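Here the structure comes first, spelled out in structure tokens, and everything after it is commentary.
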Amino acid sequence: MIEYIHPKKVVCNYGNHDRRFANYFAKNLDTDILELMPDTSLELIFVDGFKHYDKRSKSKVWYEPLVNIFEDIDIQYVDDWKCKIGKTWFVHPLAYRQAILATAEKAKDYLQDTDRDGFDCVTMAHTHMIGDSKRGYVRLLEQGAFANVDKMNYMDGKLTKPQKEGFAVICQDKYGNLIENKTKIISLN
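Residue 971 is where the sequence shown starts when you use our numbering, and the numbers rise one by one after that.
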């Protein structure tokens, strides 16, 4: 994605898949060893780097963290499921509702109870669906998955709607207000 859009700045927050990393280790490792591990795999990818151990070939490959690979881009990892930039919230909650935009609306309701400064947009990853609507003064966007969903077979046989590939383009003015007519969802399938 970074190579695709060449941004000046990248901000990444975690989602439910990333929390599975910590939850698995919390169930299966001693607490002393847990302190050696990050909470999510994204910390390794964005900040720390990691070694991939290929058991078959008995080799190790070092992967630099993205902050080192894209030195001319401001890359920030936010250790939370939500992140506010300007007046737009970017969220990947653990909660889920099946209807299109229902999870985004639930996130909006939560944020309206907790964000005293106000916001004009909630952009959500999580459902692997695409949607764009307005609830009151807040624009709700479900951005789809920026991944090859054909290779994600964990929903196979569960009779769910097909996953959508896509991403959101969020445009803001210099004060962080959403520019409605330039903000959009890009569908890739």
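Positions of the beta carbon are idealized from the N, C-alpha and C atoms, including for glycine. Small disclaimer: the values here were computed from a predicted structure and weren't measured.
query	result
Specify, as a first and last residue, the run of the alpha helix (DSSP H) that Asn986 falls within.	Asn986 to Asn998
Find the nearest neighbour of Cys982 within the set Thr1093, Ala1069, Ile1070 and His1022, judged by alpha-carbon distance.	Thr1093
Looking only at C-alpha atoms, which of Gly1056, Lys1028 and Ala1065 sits nearest to Asp1085?	Gly1056
With respect to the beta strand (DSSP E) encompassing Glu943, which residues constitute its N-terminal and C-terminal limits?	This structure cannot settle anything about residue 943, because the visible part of the chain is limited to 971 through 1159.
Considering only their Cβ atoms, is the gap separating Ala1115 from His1098 smaller than 8 Å?	yes
Looking at the unbroken alpha helix (DSSP H) that takes in Thr1001, where does it start and where does it end?	Thr1001 to Leu1004
Please go through the same chain and pick out, in chain order, the residues whose beta-carbon is closer than 7 Å to the beta-carbon of Ile1045, but skip the five residues on each side of it.	Val980, Phe1016, Leu1036 and Val1037
Excluding the five sequence neighbours on either side, which residues of its own chain have a C-beta within less than 8 Å of the C-beta of Asp1050, listed in chain order?	Asn983 and Tyr984
Consult DSSP for Ser1011 and reduce its assignment to one of helix, strand or coil.	helix
Secondary structure at Phe1040, three-state DSSP: helix, strand or coil?	coil
Decide if Arg1026 is buried, meaning its Cβ has at least 16 other Cβ atoms within 10 Å, or exposed.	exposed
Compare the beta carbon distance of Thr1073 and Arg1109 with 8 Å and say whether it is the shorter of the two.	no
Would Gly1088 and Gln1113 be called neighbours here (beta carbons separated by less than 8 Å)?	no
Report the three-state DSSP secondary structure of Asp975 (helix, strand or coil).	Inspection of the sequence shows that residue 975 is occupied by Ile rather than by Asp. Looking at Ile975 - three-state DSSP - the assignment turns out to be helix.
Using a Cβ-Cβ cut-off of 7 Å (strictly less than) and excluding sequence neighbours within five positions of Leu1014, which residues of its own chain qualify?	Pro1008 and Phe1020
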